[in-house]
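Take a look at the structure set out below.
Residue numbers (my numbering), protein chains in the order written: chain F, 1 to 585; chain W, 586 to 709.
So, in structure tokens, the structure goes:
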């Protein structure tokens, strides 16, 4: 058949077939492009496209500009064909690509020769970018080249869209990853914080011997903290039931427990109570329980509470109570004992006068003739002595007829005078010279007169005891009232006795410490308690010469916060109200 | 009354005693003198003319028992009746053991005083 064809037409047909074959091969190459750039970045895609185009087609220039879709700088890539390599600077091409590629002129002068250009949009309207190719041959591009370039541009647009999508997916994925990582870190920190809180709580519970619990009333489900298990001495691994709890509660307190449970189930209100536990070893624990009701998210009634082991506190309170009543009792007894002598003397002296005068009076009246004048005189003396006895009894009644501690204006001078009067006999008996120096300008303080008098009496008695052994000099005791620099009212009792043993000073104010064989050592301790109760302080200091001085100072307006202190380390106690004054009068 | 001419001295620092006791003693028929302290008694009294001494125990300065000692030291044997406002049984026993004729706890009755003085004067 081919024989019949004219040779020229045959040649043309052969050319056409070759052209078509070439074109198909090129098309296949271009269609294979997506396989090369699949899953790669846009940049890689651009480079691959240009490399393949320059290799396939006789191009002098090929360039792409890729838009990233997020408003960033466009990516520009340029290839110079093998024939022109070195002749065309790629910057110039880039410059040419600037602006709107689709409006490029079909031919542009370049290095003295014309460059024929063809732009192809990537995407329908170039939304993904542009491909621009150029060659120095008129008629470029021909129909085949245009077809191939169109297909290539189309393939590139699809690939770039995929790449863009992929990039976006990756970005989202990595952002998601970052968010997950951040959240994980936050959770880890929160967990750590929670773990620490729990550790703190557990430690706190152990330190304060407090346990906590949650009790769901409907299900009977009970959750306990470790400390609570320890308190009840239950096995940590077993859930606790109300029956378990009941087995530990002191039998005497079981009715209390049932009452509490019944109320808690019925009322959904908080409760607080104290009960005892009877442990297997028969020891008794005191627990203090506080709980409040709440509703869980599903509306169930739940109690959250704390249980504190207050056994130690109860024991201390009991011991303290016992000690206090002992102290009070002993203080009373010692005060009474101290006063017995004075009372006897003070009351018996006038009574003696009464009896003697009455007898004399009777005798004078019975005489013949009756000595009426003498009888009247002795009767008058009887009445006078009776009044004296009555006065003494009134004073004593004031001292012993103790009401609750009172706070009233007290004239310290007047109070001291009464005590001095009561002690006068004791002073005389011990041949002690008492000198009293009262500051008559002393303002009244607020306090309990009788308590303060007990302190003064105690200080005077101690002073009398201190000087009782003196034989070579006057047994002198000086009582002074006055004010210190801070404006506190003070009273001191100075003796000329043997003074204080420095080692014993810190212990002077301890209960039951006594340097005297007959004493109970209760006086100074109680005295200090009384003075501290008035917001003041009581101290002892050796004198420069002989003896020691015991003194107290009380503020005019006592601060309620009386600081507690003990005589330790031999230093003088200081307290807010009288910190700056000298201990010596 | 003065026929018995028994002189009784009272030494007591309490004024009401010095006031009342000599009056009663006189009513009882004694001659009475009163002194406020042991020192005053030693200085002012005619020690040789005193038949009995009523002596307070606790006094400023020299005490009753100390005065008794002092009189013994001077070889004066004046019987002593101690009086005290706050004596107890133990003190009383001790004073009697140490040679007191009697020991009266204030307040004491006229009868007790009379008996004590009787004992003292027999003593002497």
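Here a beta-carbon is modelled for each residue, glycine too, at the ideal position from N, C-alpha and C.
- Rounded to the nearest whole angstrom, the CA to CA distance from residue 484(F) to residue 411(F) is 16 Å.
- Using a Cβ-Cβ cut-off of 9 Å, residue 690(W) counts as an interface residue toward chain F, since at least one Cβ of chain F sits closer than that to its own.
- With a beta-carbon spacing of about 15 Å, residue 52(F) and residue 80(F) fall beyond the 8 Å limit used to define contacts.
- Interface criterion not met: the Cβ of residue 703(W) is under 9 Å from no Cβ in chain F.
- In this model, residue 144(F) and residue 23(F) are separated by some 7 Å (Cα to Cα).
- For residue 418(F), the nearest beta carbon of chain W is not closer than 9 Å to its own beta carbon.
- Residue 689(W) is not a Cβ neighbour of residue 663(W), given a cutoff of 9 Å.
- C-alpha of residue 279(F) to C-alpha of residue 184(F): approximately 47 Å in a straight line.
- Assigned with DSSP and collapsed to three states, residue 668(W) falls in strand.
- Restricted to the segment 200–261 of chain F, the beta strand (DSSP E) segments that are unbroken, complete and at least 3 residues in length are 210–216, 221–224, listed in chain order.
- Identification of chain F residues near residue 609(W) by a Cβ-Cβ cut-off of 7 Å yields 356, 359, 360, ordered along the chain.
- The contact set of residue 628(W) on chain F, defined by CB atoms closer than 9 Å, is empty, because the minimum CB distance reaches about 18 Å.
- Taking a cut-off of 8 Å on C-beta distances, the segment 230–240 of chain F does not touch the segment 260–276 of chain F, as fewer than three cross pairs fall below it.
- Contact annotation for residue 693(W) against chain F: 352, 355, 356 [CB-CB distance below 9 Å, chain order].
- Contact check between the segment 526–534 of chain F and the segment 470–480 of chain F: fewer than three CB pairs, one atom from each, fall below 8 Å, which does not count as touching.
- Of all residues in the segment 375–397 of chain F, only 377, 378, 381, 382, 384, 385, 388 come within less than 9 Å of chain W when Cβ atoms are compared, listed by chain position.
- For residue 645(W), the chain F residues whose Cβ falls inside 7 Å of its Cβ are 428, 431, in order along the chain.
- Residue 363(F) reaches chain W at 612, counting residues in chain order whose Cβ is nearer than 7 Å.
- For a Cβ distance threshold of 8 Å, nothing in chain F lies close to residue 621(W): the least Cβ distance comes to about 12 Å.
- Legend: CB atoms of the segment 658–675 of chain W lying less than 7 Å from CB atoms of chain F belong to residues 670, 671.
- Partner residues in the beta bridge of residue 549(F), as assigned by DSSP, are 494(F), 541(F).
- The three-state secondary structure of residue 117(F), taken from DSSP, is strand.
- The beta carbon of residue 604(W) falls within 9 Å of a beta carbon belonging to chain F, placing the residue at that interface.
- DSSP places residue 301(F) in the uninterrupted beta strand (DSSP E) bounded by 301–309.
- With a cutoff of 9 Å on beta-carbon distance, residue 556(F) and residue 487(F) are scored as near each other.
- One Cα belongs to residue 56(F), the other to residue 26(F), and the distance between them is close to 7 Å.
- Here the alpha carbon of residue 601(W) sits roughly 10 Å from the alpha carbon of residue 382(F).
- Residue 626(W): not part of any beta strand (DSSP E); member of the alpha helix (DSSP H) spanning 623–629, first to last residue.
- For the pair of segments examined, the segment 495–503 of chain F was found to touch the segment 460–470 of chain F: the number of CB pairs separated by less than 8 Å reaches three.
- The segment 31–45 of chain F makes no contact with the segment 7–21 of chain F: fewer than 3 CB pairs, one atom from each, lie closer than 8 Å.
- In terms of Cβ geometry, residue 606(W) and residue 595(W) form a close pair [threshold 9 Å].
- Between residue 673(W) and the set 610(W), 691(W), 666(W), the nearest pair of CA atoms involves 691(W).
- In this chain, the alpha helix (DSSP H) harbouring residue 649(W) covers 649–658.
- Cα atoms of residue 237(F) and residue 226(F): separation of roughly 10 Å, rounded to the nearest angstrom.
- Sixteen is the threshold: when 16 or more other Cβ atoms of the shown chains lie within 10 Å of the Cβ of residue 493(F), as they do, the residue is buried.
- Taking C-beta atoms under 8 Å as the contact rule, residue 590(W) and residue 616(W) qualify, at a distance of about 7 Å.
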